[in-house]
Amino acid sequence: MTISFEKSKLPLIWKKSSVTPIFKKGDKLNPLNYRPISLLSVPSKVMEAKVVDEMTNFLTKHAIIPREQHGFVAGRSTTTNLLHYLNDWTRAYDLKIPNDVIYLDFAKALDRVTARRLIYKLEYIGVRGNLLFWIRDYLSRRTFTVRVGAAFSTERLVISGVPQGSVLGPFLFLVFVSDLAHHIKSRKSFYADDTKLYANPFTDSYVLQQDLNALNQWCGDWLLPLNVEKCVMLHIGTNNPSTQYFIDGRVLSAVSSHMDLGLIVTSDLTWSLIYLLRKSFVHLSFASSITLYKSCVRPILEYAGAVWCPVFVRDKNILESVQRRAARMCSGNFRHLTKKGWQEPI
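Going by UniProt numbering, the first residue of the sequence shown is number 1, and it counts up by one from there.
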């Protein structure tokens, strides 16, 4: 591995990947309805971890990654991202100040990053020498095969994108989009390519629209297009004027709720647990055990617990009903269980 870094070269076998398509939903004959899962070289991942450590020190020292970015950054997570902006929204809501939120969706963001433009950005921020040359070689001449069952496709060349499933790939993507924050004057929040802009529509709707124009221009310059059909706006607050916003001349769809990093955010900032309940019941059966509960159910119920809190009694009851049913399944007492019994820790 030391030789690889000193010579700024990777063995070709480190650049090979095996991709297994995993069906999501919809038409099984449509390739877009499959999620690619890549198996990559283990020695390459070990080397990538060392490169990430090297780059982390550099990027931290020079404050390259914006403070609003929470994806793939040490000490940050989906929960810190949610807390970052929901704190602003709830405070404004309590003061009866509306917010317009724009949720942006990039079209296959990690697959669209071009190596030439990424290398340009690395050079621009000051990455030099063996590190830059090693990354350039890492991105070049990568190949993949597709595996379905026991059958393999012929080997093909990767023409763009950072390697998904890799250690270094997501980190390189953060570098690629790191300057995006400089083009946005409104409040913003990022989790990798997950991007949100928000502002008070009474005072800053014009600024928000200008930011969308600037962002769309940035996307065109760096060949990282937005999927405008999936970009939506959420009008928060009872006195919200419901201003319209546009991207590339197309009006954004207004929604009353939006799935954001695993939580449903609503225009009145109340927390519906229906989605959490539905996900939980997918995993439960009468043969469930305590191990299954702890691994499949409780993490879903406790996900981002520092952020959300049920407001209505009906939502609290839904949450408790999941707990009670899980307790009955784990205890084997499917018909009767006292309140004291199901409230005891499992």
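Note that the Cβ used here is the ideal one computed from N, Cα and C, for glycine as well. Quantities reported herein were computed from a predicted structural model and do not represent experimental measurements.
Query raised in the report: So which of Gly129, Tyr103, Ala109 has the shortest CA-CA distance to Lys9?
Result: Gly129
Query raised in the report: If you scan the segment 60–103 from start to end, which runs of the beta strand (DSSP E) of 3 or more residues do you find wholly inside it?
Result: none
Requested in this report: Would you mind working out which of Val113, Asn200, Phe23 sits nearest Ala92, comparing C-alpha positions?
Outcome: Asn200
Query - Buried versus exposed, by CB contacts within 10 Å (16 or more), Gln209 - result: buried
Report task. Measure from the alpha carbon of Tyr85 to the alpha carbon of each residue in Ala74, Ile102, Lys96, then state which is nearest. Result -> Ile102
Query raised in the report: Alpha carbon to alpha carbon, what distance is there between Tyr206 and Ser17?
Result: 46 Å
Report task. Determine the extent of the alpha helix (DSSP H) in which Lys7 is found, giving its start and end residues. Result -> 2–7
Query raised in the report: Residues in its own chain within less than 6 Å of Phe190 by CB, not counting five upstream and five downstream?
Result: Glu68, Gln69
Requested in this report: Go through its chain and collect everything with a Cβ distance to Gly71's Cβ below 6 Å, but skip five positions before and after it.
Outcome: Tyr191, Ala192
Requested in this report: Starting from the N-terminal side, write out each stretch of the alpha helix (DSSP H) that is 4 residues or longer and does not extend beyond the segment 103–143.
Outcome: 109–112, 115–124, 129–139
Requested in this report: Check the DSSP bridge columns for residue 406 and list the partner residues they point to.
Outcome: Past the edges of the chain, shown from 1 to 346, lies residue 406, and the structure says nothing about it.
Report task. Just confirm the distance between the C-beta atoms of Asn216 and Ile236, as a whole number of angstroms; I'd bet it's less than 8 Å. Result -> Not quite, the Cβ-Cβ distance comes to about 23 Å (not below 8 Å), so this is no contact.
Query - Glu344 (DSSP reduced to helix, strand or coil) - result: With a pLDDT of 49 at Glu344, under the threshold of 50, the modelled position of that residue is not reliable, and no figure is offered here.
**Report entry** Rounded straight-line distance, which links the Cα of Asn30 to that of Arg187
**Finding:** 38 Å
Requested in this report: Assign Val311 to one of two classes, buried (16 or more other C-beta atoms within 10 Å of its C-beta) or exposed (fewer than that).
Outcome: exposed
Query raised in the report: To the nearest whole angstrom, what separates the beta carbons of Thr80 and Leu261, a pair I think is in contact under 8 Å?
Result: At roughly 11 Å, the Cβ-Cβ gap does not stay under 8 Å, so Thr80 and Leu261 are not in contact.
Query raised in the report: Can you list the beta strand (DSSP E) stretches of 3 or more residues lying completely in the segment 215–255, in chain order?
Result: 232–236, 253–255
Requested in this report: Output the distance between the C-alpha atoms of Lys7 and Val73, rounded to the nearest integer angstrom.
Outcome: 29 Å
Query raised in the report: Between Leu197 and Val19, what straight-line distance do the alpha-carbon atoms span, to the nearest angstrom?
Result: 34 Å
Requested in this report: Starting from the Cα of Arg147, find the closest Cα among Leu12, Ser38, Asp53 and give me that residue.
Outcome: Ser38
Query raised in the report: From this set, Leu118, Ile159, Gln323, Asp94, which residue's C-alpha is nearest Phe176's C-alpha?
Result: Leu118
Requested in this report: Measure the alpha-carbon distance for Tyr245 versus Thr114 and round it to whole angstroms.
Outcome: 29 Å
Report task. Let me know the secondary structure DSSP gives Tyr34 once reduced to three states. Result -> strand
Query raised in the report: Name the DSSP bridge partner or partners of Leu263?
Result: Asp260
Report task. Give me the Cα-Cα distance between Asp88 and Leu269, rounded to the nearest whole angstrom. Result -> 12 Å
Query raised in the report: Out of Ser160, Asn317, Ala63, which has the shortest C-alpha to C-alpha gap to Thr143?
Result: Ser160
Query raised in the report: Ordered along the chain, which non-local residues of its own chain (more than five positions away) have a Cβ less than 6 Å from that of Arg76?
Result: His70
Query raised in the report: In whole angstroms, what is the alpha-carbon distance linking Val232 and Arg35?
Result: 23 Å
Query raised in the report: How is the alpha helix (DSSP H) around Ile184 delimited, first residue to last?
Result: Where Ile184 is concerned, there is no enclosing alpha helix (DSSP H), given that its DSSP letter is neither H nor E.
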